[in-house]
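I have placed the structure first, in the form of structure tokens, so that the comments after it can refer back to it.
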Amino acid sequence: MFLPIEWLPEGKVRFLDQTRLPREEVWVETDGYPAIAEAIRRLRVRGAPLIGIAAAYGLALAGLAGPESGIDAWRGRLGRAAGELRATRPTAVNLEWALERALRAVAEADDVAEARRILVDEARRIHEEDIRANQRLGEHGAALIPTGARVLTHCNAGSLATGGYGTALGVLRSAWRQGRLQEVYATETRPLLQGARLTAWELAREGIPYTLIVDSAAGSLMRRGLIGAVIVGADRIAAGGDVANKIGTYPLAVLAGENGVPFYVAAPVSTIDLATASGDDIPIEERAGDEVTSLQGAATAPEGARAANPAFDVTPHAYVSAIISENGVARPPYEASLRAVCGAAEARAGALAHGETGDG
Ligand code: MRU
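The sequence shown runs contiguously to residue 391 in this note's numbering.
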């Protein structure tokens, strides 16, 4: 399986620089958390679950750095590193989820050596659990794909966006293996082309047939009856089922509703934010305007053109047919069904703490 990030035994992190794809596969190795923070900010690593995993590894690097001073001074440094990592991108809740989980794990540690060991183990566990969660949600989601369907996806919610299998693309991978999927339609996903550069790259590697379309072609294809389902990932899902995901997701959901096409969201429970009631409360990242006024370094608009560049939008729950998680498929009303899949996650964590396997 393809892993976009790895912890190396010598206390370093290795990740694929996604800004260089598809032209070059450039792997970066670092032992410093500021390089991880920079990589998240610049989208060298991106996608909600992968941002969380990278942040946990970054925190582990921060924990390993510096002198073996007293635990209080060490905690002070760790807290500052967590603050820097947390500030890199605001929308994906997986980022703060992973940092909080890692900080909780070391809350009781008595000495620095023990705390360092715990931080590294916890980061690796977050990574491994994400891969398993994706595989499970892939199986749940594949059952929803009509046999012989062409399925449209937006942005990149694949191996490159997660610990290594994918959420929306994980479902499509599983559906392909089961012989249900005919073809994927991938939107190019302006402004940064995650669909064209990353989703197409992943699907080509795996031999899954795909057709790339410009974002604005989606409505026409749906109207012509060419799309059997739409499936996307998520950066944050509010308690009521509103979904923040890559800009352009909301219009796809409206078009799907208008054309009678099911609209599915695939995400692990680490993306569900029960503390945020509605999509209106989700912070939306605004990125630099030059991502809109240029394409891969070449200007596409006159000098001085003003651009708005919200990186995400919110799809109201009314447009979402189902939310696919590793603990099952949540259907409306989402208040109750999302609580149930998150409750199942807590029960699972409890069982794991008591030595059960966590599979199945
Ligand atoms: O700006 P990006 O590339 O990090 O945005 C990624 C997305 O919007 C994905 O759809 C989302 O994070 C889910 S990834 C499994």
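Glycine included, every Cβ here is placed at the ideal spot set by N, Cα and C. Source: prediction; values computed, not measured.
Inset, instruction - Would you check if the segment 284 to 302 and the segment 97 to 104 touch, i.e. whether three or more CB-CB distances between them fall below 8 Å? - result: no
Legend entry - DSSP-derived helix/strand/coil call for Glu219: coil
Legend entry - Where Gln225 falls, given that 16 or more other Cβ within 10 Å makes a residue buried: buried
Legend entry - Pair within 8 Å by beta-carbon distance, Ala180 and Arg211: yes
Inset, instruction - Return yes when at least one heavy atom of the ligand MRU lies under 7 Å from the C-beta of Asn358, else no. - result: no
Inset, instruction - Grab me the residues of Met253's own chain with a C-beta within less than 6 Å of its C-beta, minus the 5 sequence neighbours each way, in chain order. - result: Leu286, Asn290 and Val292
Inset, instruction - Would you mind listing the alpha helix (DSSP H) stretches within the segment 174 to 260 that are 4+ residues and don't spill past its ends, in chain order? - result: 199 to 208, 231 to 237 and 249 to 254
Legend entry - Pro35, buried or exposed, once every other Cβ within 10 Å from all chains shown has been counted against 16: buried
Legend entry - Per DSSP, the bridge partner or partners of Val44: Trp38 and Thr61
Inset, instruction - Starting from the Cα of Tyr365, find the closest Cα among Ala375, His348 and Thr61 and give me that residue. - result: His348
Inset, instruction - Leaving aside the five residues before and after Gly391 along the sequence, list all residues of the same chain whose C-beta is less than 6 Å from its C-beta, in chain order. - result: Note that Gly391 has pLDDT 31, beneath the 50 cutoff, so the model's placement of it is unreliable and no number is given.
Inset, instruction - Only counting runs of 4 or more residues, tell me where the alpha helix (DSSP H) segments fall wholly within the segment 83 to 137, in order along the chain. - result: 102 to 117 and 124 to 136
Legend entry - Boundaries of the alpha helix (DSSP H) in which Val323 is found, first to last residue: Asp321 to Thr324
Legend entry - Cross-strand partners of Asn276 (DSSP beta bridge): Asp344
Inset, instruction - Enumerate in chain order the residues of its own chain whose CB-to-CB distance from Glu99 is below 6 Å, with the five nearest sequence positions on each side excluded. - result: Val143
Inset, instruction - With DSSP collapsed to three states, give me the class of Ser356. - result: strand
Inset, instruction - Give the DSSP-derived three-state secondary structure of Asp312 in the structure shown. - result: helix
Inset, instruction - Pull up the distance between the alpha-carbon of Ser247 and that of Glu219, whole angstroms please. - result: 10 Å
Inset, instruction - Return the residue from the list Arg337, Ile313, Ala338 and Ser368 that minimises the CA-CA distance to Ser352. - result: Ser368
Legend entry - N-terminal and C-terminal residue of the beta strand (DSSP E) that Phe294 is part of: Phe294 to Ala297
Inset, instruction - Determine the DSSP secondary structure at Gln49, reduced to helix, strand or coil. - result: helix
Legend entry - Per DSSP, cross-strand counterpart(s) of Glu317: Pro341
Legend entry - Beta carbon of Gly201 nearer than 8 Å to that of Leu168: yes
Inset, instruction - Could you check what DSSP says for Ala329 in three-state terms: helix, strand or coil? - result: strand
Legend entry - Sufficient close CB pairs (3 or more, under 8 Å) joining the segment 77 to 88 to the segment 263 to 272: yes
Inset, instruction - Measure the CB-CB distance between Leu203 and Ile244 and report whether it falls below 8 Å. - result: no
Legend entry - Closer than 7 Å: Gln225 CB and nearest the ligand MRU heavy atom: yes
Inset, instruction - Assess, as a yes-or-no matter, whether the segment 143 to 154 is touched by the segment 88 to 96 under the definition of 3 or more beta carbon pairs within less than 8 Å. - result: yes
Inset, instruction - Return the bridge partner residues of Asp304 from the DSSP annotation. - result: Ala269
Legend entry - Bridge partner(s) assigned by DSSP for Ile262: Tyr295
Inset, instruction - Answer yes or no: do Ser205 and Glu233 have a C-beta to C-beta separation smaller than 8 Å? - result: no
Legend entry - Near the ligand SAM: Asp266 beta-carbon under 7 Å from a heavy atom: The ligand SAM is not part of this structure, which contains only the ligand MRU.
Inset, instruction - State the DSSP-derived secondary structure class of Ala361, mapped to helix, strand or coil. - result: strand
Inset, instruction - Take Tyr64 as the anchor and find which of Lys43, Ile315 and Val323 has the nearest alpha-carbon. - result: Lys43
Inset, instruction - Decide if the segment 304 to 315 is in contact with the segment 327 to 340; the criterion is three or more beta carbon pairs, one per stretch, under 8 Å apart. - result: no
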